[in-house]
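Student: Protein chains in written order, with the working numbering: chain A, 2 to 101; chain B, 2 to 101; chain C, 2 to 101; chain D, 5 to 324; chain E, 5 to 324; chain F, 5 to 324.
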Amino acid sequence: MNLHPMKLVTIVCEAYAADAVLRLLAEVGTAGHTSFPVEGSGARGRRLADIPEYANTQFEVITRPEVAALLLERLGAELFPRYAMVAYESDVRVLRPGKF
Amino acid sequence: MNLHPMKLVTIVCEAYAADAVLRLLAEVGTAGHTSFPVEGSGARGRRLADIPEYANTQFEVITRPEVAALLLERLGAELFPRYAMVAYESDVRVLRPGKF
Amino acid sequence: MNLHPMKLVTIVCEAYAADAVLRLLAEVGTAGHTSFPVEGSGARGRRLADIPEYANTQFEVITRPEVAALLLERLGAELFPRYAMVAYESDVRVLRPGKF
Amino acid sequence: MSDALVANLLSPAVLFFALGLVAALVRSELKFPEALYSALTIYLLVAIGFKGGVALAEAGLGRVWLPALAAIGLGAFIPLWTYPVLRWGGRMAAVDAAAIAAHYGSVSAVTFLAATNYLAAIGRPYESHAVALLAVMESPAILVGVVLGKRAGGGPPVPLGLVVREALFGRSIFLLLGALVVGALCGPDGMEKVGPFFVTPFQGVLALFLLEMGLVAGRRLEDLRRVGPFLLAFGIVAPALNGALGVAVGTAAGLSAGGAMLLGVLAASASYIAAPAAVRLALPEANPTLSLTAALAITFPFNLTVGIPLCDAFARLLQP
Amino acid sequence: MSDALVANLLSPAVLFFALGLVAALVRSELKFPEALYSALTIYLLVAIGFKGGVALAEAGLGRVWLPALAAIGLGAFIPLWTYPVLRWGGRMAAVDAAAIAAHYGSVSAVTFLAATNYLAAIGRPYESHAVALLAVMESPAILVGVVLGKRAGGGPPVPLGLVVREALFGRSIFLLLGALVVGALCGPDGMEKVGPFFVTPFQGVLALFLLEMGLVAGRRLEDLRRVGPFLLAFGIVAPALNGALGVAVGTAAGLSAGGAMLLGVLAASASYIAAPAAVRLALPEANPTLSLTAALAITFPFNLTVGIPLCDAFARLLQP
Amino acid sequence: MSDALVANLLSPAVLFFALGLVAALVRSELKFPEALYSALTIYLLVAIGFKGGVALAEAGLGRVWLPALAAIGLGAFIPLWTYPVLRWGGRMAAVDAAAIAAHYGSVSAVTFLAATNYLAAIGRPYESHAVALLAVMESPAILVGVVLGKRAGGGPPVPLGLVVREALFGRSIFLLLGALVVGALCGPDGMEKVGPFFVTPFQGVLALFLLEMGLVAGRRLEDLRRVGPFLLAFGIVAPALNGALGVAVGTAAGLSAGGAMLLGVLAASASYIAAPAAVRLALPEANPTLSLTAALAITFPFNLTVGIPLCDAFARLLQP
Ligand SMILES: Nc1ncnc2c1ncn2[C@@H]1O[C@H](COP(=O)(O)O)[C@@H](O)[C@H]1O
Ligand SMILES: Nc1ncnc2c1ncn2[C@@H]1O[C@H](COP(=O)(O)O)[C@@H](O)[C@H]1O
Ligand SMILES: Nc1ncnc2c1ncn2[C@@H]1O[C@H](COP(=O)(O)O)[C@@H](O)[C@H]1O
Ligand code: NA
Ligand code: NA
Ligand code: NA
């Protein structure tokens, strides 16, 4: 079995930012993503998940290193100033590299 | 404090595949798992999580390296051809290695 | 773009332990966290997420290495003996290290 | 007939469905949470099952056997004629033809509910225990379809037991049959207690649910160009033929006009929950986009708007 | 008595519970989403609390003090007799005995609701404000049980304040007492407005909820072999004795046959939400499988089917 | 007036709201699942829209144009006077002043529902189609507020189309207008079918929803000290003035006392869902804590308790 290195970019953002994140994912050229609603707390206070509009969304995106770098750069430049969010990158290994 | 290296295998699959994944986890001998419903998009289009049967499930499994390798191999051979899914492995460190 | 190494601590625990985990996060001095309800199985049987009190909660905390070490140590000493839970650490890279 | 058609098109159920379609088409952010979808499904299945059970207790089991057998036979037969049509008429892969045949032989509970709603609205009586037909008609076609697909060389060696289990013990059959038994054991006494919850608001709940079904079907509309003109036509012609067949069989089995109409609607409807689950398991090579798009984006709206009044008109025509 | 028993067994509530048990036993995929469970719980607690509050406003507070004190005393007393029986009769670890004693002294709101349903079905009147007893009886036993466990050397140094808070301000007590106060302030005028939502469909909602409770209890059945024969027997004998005790105390406190029966059912019932939360916090060494399995898989079904009619029969016997 | 005030304060809706506030203040664990919040919102919007549509079908469109135009003008005007007050009176940043102005010019559907409830409770008639005013009044102020903020140099170059879309096609407007159209097409016939679900239990559902709104507002209370005394005062004075203005405009537009009161309540209410979404998109530099805390923790409770009866009293005063 051959595993291939790839990057996992995780983004946690306020629900109002979800559309902007999705647009950005499309622009930088990711091949897919997974998302789910989460609660959280951070610099901008607690976010309970009882009103969908006030909750957070977590995005998880597997992608090639250069796309991950671009995604993080644009996140930092364009969305971080505007929305409550955190984002981080980690290393993963996948089976079919062509898919990402 | 002693941390011990272990593998985290993450599987995102269409809900109809969840039973097959659970059976496979039991067969390769994992000691436990965590799962939750997610939305997503990928090669086979968007999956909204409004009808449970049409949604995705994310599985996260901590396990020993050799079990992780076996799990990924069998996932690739048996389930990837049949269901919409992605799977990836990453490195984690746990407290009580005996548990996994 | 500059990425900075940081630790991601993931904790999966029974819902009754969630308050204790939140108190511990505050005590060791983490700057934020993300959480969501999950199902799971492990040494203490299956946990379906249909009754919130019987479900699991997953916490994900980005933090500095020394805080992560302290957090895991105290988790192992204080909460592991009392509650159904697992915890693990992994390496991530973030954009704005000052935030954590 | 055309009056009935207009009345149906202007019923809250159909209009809310249309609203859901519109929401999906204009890409409104409207989304039902998954738990609401599940809650509505559980409510609707339990309510209809319970009501049917109470009716069954009053009517006696003796009056159900024959129509039930007819329904089972009908379900098993539909894949047998649709498979060759799809395979050779539509030049589809064997496994896709088998999968689609399974979906069209099985049934859609929501379409059935809309049909009972229609009958209630126009005040035509029907055998309330007809809900038993809904329950027994879900599985036979799935099993026949899977066998057809396997014979054509499809699929990995999945234990047949699993498939049968999936086809027979899915969530919806269990709830429906279970509530039916509960209703039959409780009888009218029980109905008095739970009727204000399970009967009085039923039509409104169904209307709300159809809003969600409109959203779900609407999201499938963009897949229409992927399914090709043959399947588009099939999605309208097959339910029309199956509906007529079902009405005829129902009338022959001694059902009233209302009951025969319901059997026709069941035959006309295509499954979009139970069949996909079993087919995905047994025939994973089948392309789920084809069967789901046809069932949800073509046949479901067709039945809801035109199919139901058509079956009704034909049922009255046949009635002795 | 046996007529009443059969009538209870054939009520929608009990039959839906049985259906849930069956679903769990045959491993059907049926599952209620968490949000539906929470929504039903919130509805049921608010509805019963509100109704009780309106009744209280009409009856006046003066008629509640004595039964409420009796309920508190009863709750505090039950762990005192069950603890030694479990500890030395059942040879259990001190901390497990204390934990189980806390669960059995505390109460199950759903069992109480089923009992009011039973009374409504057989048309026996009861003090609607009896719901106040449900609210006050949740905590005392938990506190006594925790103290017993701590004395026996159990548990880390958890601040007692946290435990008291957990026992007193849990979600269910808050909703129940809050809705009670709201109901008392609104009176019959308010009832007129919200009755069609909180009263009319109540029995049906409870039946649906018991389907879910059957699923939850059924999943626990496989743990039965882990709890041993002593706890199995305890799970039936303890509620029978506590129920009799509760009925006697209630009659002595001046409650009607219906009210005394309800106090008996409260005493007989075992908590499976509030007690686990507090006990898990204060006595983490206790094995939760023991207390939960006994409470959910043995005592809850026993009370629902047999315990409720038993308490009723005994209450009528004692009535002057 | 003071009788009406007391009656309003003792209505189930207001009391359940207060209970939610208390739950948040004592940090009870009470939490509504997200799906329940969404389900209740969908139900309430669809129900009120449908009812309004049926009323509209009976009244005829002709009677709605003038009040609708008045409502649109009112919505567009409110930010024009509140912006300078906040900017120079309150010495706020331009973008914050614009954001808050947008929230106060837009509307809160729940406040509107509570007002219709109030009218129903005191038996005062109103134009049921007034719900159309709710629908048209959500967007204008948002657009005006965004333009004000942009002129003041705020915000990145977001395509204006996106903002207009967000303001016009949000979930709530879509549901409201959609259900209104459905209701208008169905007419009284449709109402007969779905009324037992959408009308009968409505007041109770609203009361339950206000419990959740109390929780949400209560959690905002701790942010009150962050917003400063000027905004605190604004949160009470602005709705009072806007309410009076709305009543006057409504009366002039020919609405009945009930209808003018509803327009006043709409003007007085501040948006906490639609406005934040659009403002967050177009004016991301604005601090959302300011606008949300003012809207949810000050203005919403003020309107619910005092504002609604005030508008009503004023509307009767003005009535010719
Ligand atoms: N240190 C952290 N670890 C994990 N998640 C975080 C952390 N800080 C913030 N978050 C998540 O990111 C969201 C927005 O963060 P913030 O902008 O800091 O309020 C929070 O609501 C959390 O869900
Ligand atoms: N690049 C990706 N990153 C994260 N999740 C993905 C990615 N691609 C696919 N997925 C997830 O896997 C599911 C199935 O993928 P697919 O088979 O490509 O449609 C999708 O619905 C997503 O939830
Ligand atoms: N090997 C594992 N991989 C992922 N999650 C696990 C694993 N073991 C346990 N868990 C999670 O941790 C919870 C508590 O574990 P336990 O105390 O072993 O029952 C389980 O319900 C799972 O959600
Ligand atoms: Na069919
Ligand atoms: Na008890
Ligand atoms: Na306003």
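Quick reminder that beta carbons are idealized off the backbone N, C-alpha and C, glycines included.
None of these values were measured; they are calculated from a predicted model.
#1: Output the boundary residues of the alpha helix (DSSP H) element that contains Gln323/D.
#2: When you compare the CB of Phe36/E with every CB in chain C, is at least one pair closer than 8 Å?
#3: Going along the segment 63-94 of chain B in order, which residues come within less than 8 Å of chain A, judged by CB to CB distance?
#4: Measure how close the beta-carbons of Ala8/D and Asp316/D come, nearest whole angstrom, since I'm counting them as under 8 Å.
#5: Spatial neighbours of Ile76/D within its chain, please: C-beta separation below 6 Å, excluding the five flanking residues on both sides.
#6: Answer with yes or no whether the minimum CB distance from Gly30/B to chain C is below 8 Å.
#7: Compute the Euclidean distance between the alpha carbons of Leu267/E and Leu137/E, then round it to the nearest angstrom.
#8: Going by DSSP in three states, Ile126/D sits in which element: helix, strand or coil?
#9: Cβ atoms of Val150/D and Ala282/D: under 8 Å apart, would you say?
#10: Taking the alpha carbon of Arg230/D as the point to measure from, which residue in Thr293/D, Ala97/D, Gly24/D, Gly199/D has its own alpha carbon closest?
#11: CB-CB under 6 Å to Phe213/E, same chain, minus the five flanking residues each way: which ones, in chain order?
#12: Could you work out which residue in Ala301/E, Glu289/E, Thr204/E is closest to Ala103/E when comparing CA atoms only?
#13: Ignore the nearest five residues each way along the sequence and tell me which others in Leu60/F's own chain have a CB closer than 6 Å to its CB.
#14: Residues in the segment 22-53 of chain B with C-beta within 8 Å of chain C's C-beta atoms, listed in sequence order?
#15: Under a three-way DSSP split, which group does Ala88/A fall into?
#16: Are any of the Cβ atoms in chain E nearer than 8 Å to that of Leu1/D?
#17: Examine ligand 8 and report whether any of its heavy atoms sits within less than 7 Å of the Cβ of Glu61/A.
#18: Would you say the beta carbon of Ile302/F comes nearer than 7 Å to a heavy atom of ligand 5?
#19: Can you find a C-beta in chain H that's less than 8 Å from the C-beta of Gly239/E?
#20: Under 8 Å: do the segment 254-267 of chain E and the segment 92-111 of chain E share three or more Cβ pairs, one atom per stretch?
#21: If I measure Cβ to Cβ from Val162/D and keep anything under 8 Å in the same chain, skipping five residues before and after, which residues do I get?
#22: Is Phe3/C close to chain B? Criterion is C-beta to C-beta, closer than 8 Å.
#23: I'd like to know whether the C-beta atoms of Leu270/D and Pro71/D end up nearer to each other than 8 Å.
#24: Taking only beta-carbon positions, decide if Val186/E is within less than 8 Å of chain F.
#25: Return the residue from the list Ser42/A, Val39/A, Gly41/A, Thr35/A that minimises the CA-CA distance to Glu40/B.
#26: Jot down the residue ranges of each uninterrupted alpha helix (DSSP H) in the segment 59-143 of chain D, minimum 4 residues, whole runs only, in chain order.
#27: For Arg223/E, count neighbouring C-beta atoms within 10 Å of its own C-beta (all shown protein chains included) and say buried if the count is 16 or more, exposed if not.
#28: Count the other CB atoms, across all protein chains shown, that sit within 10 Å of the CB of Leu308/F; report buried if there are 16 or more and exposed otherwise.
#29: I think Leu23/D touches Gly218/D, with their Cβ atoms under 8 Å apart; what is that distance to the nearest whole Å?
#30: Residues of chain E with a CB under 7 Å from the CB of Pro200/D: which are they?
#31: To the nearest angstrom, how far is the alpha carbon of Asp100/F from that of Pro37/E?
#32: Using three-state DSSP, classify Thr303/D as helix, strand or coil.
#33: Using 10 angstroms around the beta-carbon of Val10/B, count the other beta-carbons present and answer buried if the total reaches 16, otherwise exposed.
#34: Hey, Ala17/E and Leu314/E: beta-carbon distance below 8 Å or not?
#35: Do Ala18/A and Tyr84/A have their CB atoms nearer than 8 Å?
#36: Is the beta carbon of Leu123/F less than 8 Å from the beta carbon of Gly262/F?
Tutor: For this structure:
#1: Counting along the chain, Gln323/D falls outside any alpha helix (DSSP H), and DSSP gives it neither H nor E.
#2: Closer than 8 Å to some Cβ of chain C, the Cβ of Phe36/E qualifies, so yes.
#3: Within the segment 63-94 of chain B, Ala70, Leu73, Glu74, Leu76, Gly77, Phe81, Val87, Ala88, Tyr89, Glu90, Ser91, Asp92 place their CB atoms closer than 8 Å to a CB of chain A, listed in sequence order.
#4: About 7 Å; that satisfies the 8 Å criterion.
#5: These residues qualify, in order along the chain: Val140, Pro144.
#6: Residue contact with chain C for Gly30/B: absent (no Cβ-Cβ distance below 8 Å to any residue of chain C).
#7: Rounded to whole angstroms, Leu267/E and Leu137/E show a C-alpha spacing of 7 Å.
#8: The answer is helix: DSSP assigns Ile126/D an H, G or I state.
#9: Against a cut-off of 8 Å, the Cβ pair of Val150/D and Ala282/D comes out as a contact.
#10: Comparing Cα-Cα distances from Arg230/D to each of Thr293/D, Ala97/D, Gly24/D, Gly199/D, the minimum goes to Thr293/D.
#11: Same-chain partners within the cutoff: Leu44.
#12: Closest by alpha carbon: Glu289/E.
#13: Taking Leu60/F as the centre and dropping the five residues before and after it, the same chain places the C-beta of His133, Ala188 closer than 6 Å to its C-beta, in chain order.
#14: Taken in chain order, the members of the segment 22-53 of chain B whose beta-carbon sits within less than 8 Å of a beta-carbon on chain C are Ala32, Gly33, His34, Thr35, Ser36, Phe37.
#15: Strand.
#16: What the structure shows of chain D is the stretch from 5 to 324, and residue 1/D is not part of that stretch, so it cannot be assessed.
#17: With respect to ligand 8, the structure offers nothing, as its ligand set consists of ligand 1, ligand 2, ligand 3, ligand 4, ligand 5 and ligand 6.
#18: False, no ligand heavy atom lies under 7 Å from that Cβ.
#19: Of the chains in the structure shown, none is chain H; the protein chains are A, B, C, D, E and F.
#20: Output reads no: the segment 92-111 of chain E does not touch the segment 254-267 of chain E.
#21: In the same chain as Val162/D, and ignoring 5 residues on each side of it, the C-beta atoms closer than 8 Å to its own belong to Leu285, Ala286, in chain order.
#22: First, the residue type needs correcting, since residue 3/C is Asn and not Phe in the sequence shown. At a cut-off of 8 Å between beta-carbon atoms, Asn3/C makes no contact with chain B.
#23: Leu270/D is not a Cβ neighbour of Pro71/D, given a cutoff of 8 Å.
#24: Using a CB distance cut-off of 8 Å, Val186/E counts as an interface residue toward chain F.
#25: Of Ser42/A, Val39/A, Gly41/A, Thr35/A, the residue nearest in Cα terms is Thr35/A.
#26: List check, alpha helix (DSSP H) in window: 69-88, 98-109, 113-126, 135-140.
#27: A residue is called buried when at least 16 other Cβ atoms come within 10 angstroms of its Cβ; Arg223/E meets this threshold and is buried.
#28: Of the other Cβ atoms in all chains shown, 16 or more fall within 10 Å of the Cβ of Leu308/F; this residue is therefore buried.
#29: For Leu23/D against Gly218/D, the beta-carbon gap comes to about 6 Å, under 8 Å, which counts as contact.
#30: Within chain E, Thr204, Pro205, Gly208 have C-beta atoms less than 7 Å from the C-beta of Pro200/D, given in sequence order.
#31: About 40 Å.
#32: Assignment of Thr303/D by DSSP, reduced to helix, strand and coil, places it in the helix class.
#33: Buried is the call here.
#34: The answer is no: Cβ separation not under 8 Å.
#35: Contact: yes.
#36: Closer than 8 Å, so yes.
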